[in-house]
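Chemist: In my numbering, the protein residues as written are 51 to 648. Provided herewith is a single structure, encoded as structure tokens, for subsequent inquiry.
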Amino acid sequence: MESTYWNRYWRARLGRRAFLAGAGAAAAGAAALAAGCGGGDDDDSGATATPGGGQGTQPAGSPTAPAAGKRGGTLRIAKASPDTGLDPHIVVTNPIHPAKAYSHLWTYQPSTKTVCYDLALEHEQVDPLTLRVKIRQGVKFQADVANGRELTAEDIAYSYTRFPVALTKGSQVNQIQWGWIDKIETPDKYTVVIKQKNPFASNVISLGSSAFAVVAKEVVEANGGDLMKVMNAGSGPYRMVKREPTGTRYERNPNYFEHDPPSPTYVKEGPYIDAWEEAIIPDPATIKAKFLAGELDVLSVVNIDRLVADELGREKGVKVVKGPANGHLVMQFDNFKWTDKRHRQAVWMAIDRDAFIKNLYLGEGLYGSPTASEFAKEGYGLPQDELKKLQPFNAADAKKLWQESGGAQAFPTIKMVTMQAIPIFATATEFVKKQLEQNLGAKVEVEVVDPATYVARAVAGFAEKAPKPWDLFIAWELSLQTIPDYNALAHYVPVGYGAIFGNLRPDSPKAETAAFAVKMQQLWAAQAQELNPEARKQKVQEIVRTIHQEYGPAVPLPVPEFQYAAFRDRVKNYPEKDFMYANAGTGLFRVQNLWLDG
């Protein structure tokens, strides 16, 4: 019966000029790591390896062999600021790094719901609490990593058991991703058996996250327990050869293993592209100019709304594609401070979401939800008409409630923190600031910081159980892009970012917060452990309604309905079916059948 469930489940105009920098994710910031794999011309045939029940099988079809001229070249991209760390299990504001420098069991292709095997050869959900994975033989670490020795099941076990320690170091990898793992057994060099604490409907998809990179124990121990400054510690397709204030460079790993048999996006003979160059360019206008001049191959950082897409589409040598965005923009409360439900309700009601969509997304937006839009469309969440009823804008009632509940006394100044490296953060923060000032009569101060400080502000006080140095904090949840469901409620539950970012913790010194945290955790666990998809949908809807009824612990903000991507026509096999996942995270960077023409 359980096998049946598994098979059914897995088969089954505010500052217009300023906003042009937009929602492009130049860095992961305080959002979670993203993961996945893109589609392309070469992987349309063959059976798929579906997550979940039964035997995980390798796709029968395979990418075609590289034609003359496919191999070689350097792909050029840009980001707005330097990375703040290189340890894939701790904090990464450079999503290209875990994708290029490390190997993973697999990635996940959302458009086809396909597991794309990397280190793995097959996987089997033996029962709801046991996942068995067979890995490839002969995989070697990079030549200067652990003396280039063979990577075995023991390395995977070691890497995954680092997560609890990484969490104490301010990790962005939250427990939703790995908390379901009880222990990892290695019956032989090429078999990994994951024993689960509980059933977890999203376990296989979660393992596709870039957070589940495999590292060499020797390198970790030689560097005091973390890899924040280490350029290479894995077996990935590329080696980082430069990390400077001007940018980074990755070159092909000459000892990279063959994917035999291959799987979608993982070609047998390794990645086609020779090198990746990532220039650090803070100014989006400069990035756009360099892209139009042909000096960058893929347009990043710059937001591409429909007007910019039309403009770019008229440029010679440029291709623009469009797809659903599936994002998640959230404003976190510090739940040590926002213990009065009336204060939270006043904030929820003071935000004009229709104006937000009109001005920030040029009308192409959706009401946000604790579950991302594409996941909600499948029934794991609420439809737009219900969300609009649950998120009414009423400035008069909001101000009255704020005044009657003593909001101004509790928050004489509402403090917010933002950064420019991910411009949607700054733009959304400014919009909310004006709304709260106008509709509540509140005083709001915004601190604009660099990415490293932004991340530090997000996790501040977690270890000490102390209040945050802010009251409201806006973040963009990148991990939803490539893992559509596993992390969708991350900001609303303690085991996600609820405790780390929002002080929503069962051990809170605030009785109201502790009780609410326990309730949210129980609701989340109920839906996460439900393997019957129809029953799970009902439980997800219950937790989404509860969040709205309680006005917290975070406020879902409107999200783009569509996302656009632009790239030069020399870029071939671009993952057009999955770019909405790839562009915002590591998906594009993990596509190995991408190639350059000329």
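Beta carbons: idealized from backbone N, C-alpha and C, even for Gly.
#1: Does the distance from the C-beta atom of residue 629 to that of residue 373 stay below 8 Å?
#2: From residue 549 to residue 506, what does the alpha carbon distance come to, in whole angstroms?
#3: By Cβ distance below 7 Å, which residues in the same chain neighbour residue 168 in space, the five residues on each side in sequence not counted?
#4: Just mark residue 357 as buried or exposed, buried being the case when its beta carbon has 16 or more other beta carbons within 10 Å.
#5: So, using beta-carbon positions, are residue 326 and residue 150 closer together than 8 Å?
#6: Can you tell me which residues form a DSSP beta bridge with residue 381?
#7: Looking at C-beta atoms only, is the number of pairs between the region 212–232 and the region 541–561 that lie closer than 8 Å three or more?
#8: Given a cut-off of 8 Å, decide if residue 385 and residue 552 are closer than it, judged by their beta-carbon atoms.
#9: May I have the straight-line CA-CA distance separating residue 643 from residue 247, to the nearest angstrom?
#10: State the Cα-Cα distance for the pair residue 136 and residue 160, rounded to the nearest angstrom.
#11: Could you check the C-alpha separation between residue 140 and residue 447 for me, to the nearest Å?
#12: What residues in its chain sit with their C-beta under 8 Å from that of residue 33, if we drop five residues either side in the sequence?
#13: So is the beta-carbon of residue 270 under 7 Å away from any non-hydrogen atom of the ligand PLP?
#14: Using the Cα positions of residue 185 and residue 625, report the straight-line distance between them to the nearest angstrom.
#15: Go ahead and label residue 233 buried or exposed: buried means 16 or more other beta carbons lie within 10 angstroms of its beta carbon, across all protein chains shown.
#16: Below 6 Å CB to CB, which residues in the same chain sit around residue 193 once its five sequence neighbours on both sides are set aside?
#17: Under DSSP, the beta strand (DSSP E) around residue 157 begins and ends at which residues?
#18: Counting C-beta neighbours from all protein chains within 10 Å, is the total for residue 291 16 or more, i.e. buried, or is it exposed?
#19: Name the two residues that bound the continuous alpha helix (DSSP H) containing residue 447.
#20: Here's the rule: buried if 16 or more other CB atoms are within 10 angstroms of the residue's CB, otherwise exposed. What is residue 571?
#21: Expressed to the nearest angstrom, what Euclidean distance is found between the alpha-carbon atoms of residue 562 and residue 519?
#22: So residue 443 and residue 403 are in contact, right, with Cβ under 8 Å, and what is the actual spacing, rounded?
#23: Tell me which same chain residues have a C-beta within less than 8 Å of the C-beta of residue 466, skipping the five on either side of it?
#24: Among 245, 133, 598, 196, which residue has its Cα nearest to the Cα of residue 439?
#25: From the DSSP output, read off the bridge partner residues of residue 309.
#26: Could you check if residue 279 is buried or exposed, using at least 16 other CB atoms within 10 Å of its CB as the buried criterion?
#27: What separation, rounded to the nearest whole angstrom, lies between the Cα atoms of residue 397 and residue 147?
#28: Using 8 Å as the threshold, is the region 361–369 in touch with the region 414–425, meaning 3 or more CB pairs across them?
#29: Which ranges would you report for the beta strand (DSSP E) in the region 467–499 if only whole runs of at least 3 residues count?
#30: In this structure, does DSSP put residue 373 in helix, strand or coil?
#31: Using the Cα positions of residue 647 and residue 623, report the straight-line distance between them to the nearest angstrom.
#32: So, helix, strand or coil for residue 133, using DSSP?
#33: Any idea if residue 143 is buried or exposed, counting beta-carbon neighbours within 10 angstroms, 16 or more meaning buried?
#34: Tell me the start and end of each unbroken beta strand (DSSP E) in the region 274–308 that is at least 3 residues and wholly inside, in chain order.
#35: Return the bridge partner residues of residue 617 from the DSSP annotation.
#36: Please report the distance separating the alpha-carbon of residue 49 from that of residue 492.
Modeler: In brief:
#1: Indexing the sequence shown from 1 puts residue 629 at position 579. Indexing the sequence shown from 1 puts residue 373 at position 323. Yes, these two residues count as a Cβ contact at 8 Å.
#2: Translated into positions along the sequence shown, residue 549 becomes position 499. Translated into positions along the sequence shown, residue 506 becomes position 456. Roughly 15 Å separates the two Cα atoms.
#3: For the purposes of this step, residue 168 is taken as the residue at position 118 of the sequence shown. Closer than 7 Å at Cβ, skipping near neighbours: 153, 154, 155, 156, 157, 316.
#4: Walking along the sequence shown from the start, residue 357 turns up at place 307. Exposed, because fewer than 16 other Cβ atoms sit within 10 Å of the Cβ of residue 357.
#5: As a first step, residue 326 is located in the sequence shown; it is residue number 276 there, counting from the start. As a first step, residue 150 is located in the sequence shown; it is residue number 100 there, counting from the start. Contact: yes.
#6: As a first step, residue 381 is located in the sequence shown; it is residue number 331 there, counting from the start. Bridge partners of residue 381: 524, 605.
#7: yes
#8: Stepping through the sequence shown from its first residue, residue 552 is reached at position 502. Stepping through the sequence shown from its first residue, residue 385 is reached at position 335. Yes; because the gap between Cβ atoms is below 8 Å, this pair is in contact.
#9: Locating residue 643 in the sequence shown gives position 593, where the first residue counts as 1. Locating residue 247 in the sequence shown gives position 197, where the first residue counts as 1. If I take the Cα positions, the gap works out to 37 Å.
#10: Along the sequence shown, one-based indexing puts residue 136 at 86. Along the sequence shown, one-based indexing puts residue 160 at 110. So the two alpha carbons sit approximately 26 Å from each other.
#11: To locate residue 140, count along the sequence shown from 1; it is residue 90. To locate residue 447, count along the sequence shown from 1; it is residue 397. Between residue 140 and residue 447, the C-alpha separation is close to 43 Å.
#12: No answer is possible for residue 33: the residues shown for the chain start at 51 and end at 648.
#13: Absence of the ligand PLP from the depicted structure is noted, as is the absence of any ligand whatsoever, leaving it without description.
#14: For this step, residue 185 is matched to residue 135 along the sequence shown. For this step, residue 625 is matched to residue 575 along the sequence shown. Going by the C-alpha atoms only, they are around 26 Å apart.
#15: Numbered from its first residue, the sequence shown carries residue 233 at position 183. Residue 233 should be labelled exposed.
#16: Here the question's residue 193 lines up with position 143 in the sequence shown. Correct list, in chain order: 305.
#17: Here residue 157 refers to the residue found at position 107 of the sequence shown. Per DSSP, residue 157 belongs to the beta strand (DSSP E) from 156–159.
#18: Numbered from 1 along the sequence shown, position 241 holds the residue referred to as residue 291. Per the 10 Å Cβ criterion, exposed.
#19: Along the sequence shown, one-based indexing puts residue 447 at 397. 445–454 is the span of the alpha helix (DSSP H), which, as asked, contains residue 447.
#20: Here the question's residue 571 lines up with position 521 in the sequence shown. Classification for residue 571: buried.
#21: Within the sequence shown, residue 562 is the residue found at index 512, counting from 1. Within the sequence shown, residue 519 is the residue found at index 469, counting from 1. Between residue 562 and residue 519, the C-alpha separation is close to 20 Å.
#22: Here residue 443 corresponds to residue number 393 of the sequence shown, with the count starting at 1. Here residue 403 corresponds to residue number 353 of the sequence shown, with the count starting at 1. The Cβ separation is near 6 Å, so the contact holds.
#23: Taking the sequence shown and counting its residues from 1, one reaches residue 466 at position 416. Closer than 8 Å at Cβ, skipping near neighbours: 479, 482, 483, 494, 495, 496, 497, 520, 521, 522, 523, 524.
#24: Translated into the one-based positions of the sequence shown, residue 439 becomes position 389. Answer by Cα proximity: 598.
#25: Taking the first residue of the sequence shown as position 1, residue 309 is located at position 259. Paired residue(s): none; residue 309 is not in a bridge.
#26: Against the sequence shown, residue 279 aligns to sequence position 229. With fewer than 16 other Cβ atoms within 10 Å, it is exposed.
#27: Numbered from its first residue, the sequence shown carries residue 397 at position 347. Numbered from its first residue, the sequence shown carries residue 147 at position 97. Cα to Cα, the separation comes out at about 38 Å.
#28: no
#29: 494–499
#30: The count along the sequence shown starts at 1 and reaches residue 373 at position 323. DSSP places residue 373 in strand when its eight states are reduced to three.
#31: By 1-based counting over the sequence shown, the position of residue 647 is 597. By 1-based counting over the sequence shown, the position of residue 623 is 573. So the alpha carbons of these two residues sit roughly 10 Å apart.
#32: Translated into positions along the sequence shown, residue 133 becomes position 83. Coil at residue 133, not helix or strand.
#33: Along the sequence shown, read from residue 1 onward, the residue named residue 143 stands at position 93. The residue is buried, with at least 16 neighbouring Cβ atoms inside 10 Å.
#34: 288–294, 297–302
#35: Counting from 1 along the sequence shown, the entry for residue 617 is found at position 567. 348, 369, per the DSSP bridge assignment.
#36: The requested residue 49 is not part of the displayed model; the chain covers only 51 to 648.
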